[in-house]
Amino acid sequence: MDRNQEITNNGCPDQFTLENSNIHVGCWPKIESNIIMYGNITAYILCGAVGFQILFILFALTITRTGGKIKPI
Numbered sequence: 080m081d082r083n084q085e086i087t088n089n090g091c092p093d094q095f096t097l098e099n100s101n102i103h104v105g106c107w108p109k110i111e112s113n114i115i116m117y118g119n120i121t122a123y124i125l126c127g128a129v130g131f132q133i134l135f136i137l138f139a140l141t142i143t144r145t146g147g148k149i150k151p152i
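In our numbering, the protein residues as written are 80 to 152.
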């Protein structure tokens with residue numbers, strides 16, 4: 080657009096084909112790839128958080144089972 084709000088370059092094709100558009104692809108493949116990516120990231124974060132919680136529980140059980148015999152450095 081120029082200063083007068085007129086279109087100077089009409090880049091939109093008159094006829095949509097496979098070469099100049101995604102008309103036959105649709106939205107779902109694009110959305111599905113994003114959903115899978117963000118779902119995997121969320122799953123990795125949750126698995127990491129659960130792993131840390133298990134480590135903390137094991138550490139606490141070790142401390143309580145030894146009866147406080149382990150002294151801090």
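Glycine included, every Cβ here is placed at the ideal spot set by N, Cα and C.
Straight-line CA distance for residue i to residue j?
| i | j | result |
| --- | --- | --- |
| I142 | I133 | 14 Å |
| C181 | C126 | There is no way to answer for residue 181, as the model of the chain reaches only from 80 to 152. |
| G105 | I114 | 15 Å |
| Y117 | F138 | 32 Å |
| I136 | V129 | 11 Å |
| I110 | D93 | 27 Å |
Would you give the residue range spanned by the alpha helix (DSSP H) that residue i belongs to?
| i | result |
| --- | --- |
| K109 | 107-144 |
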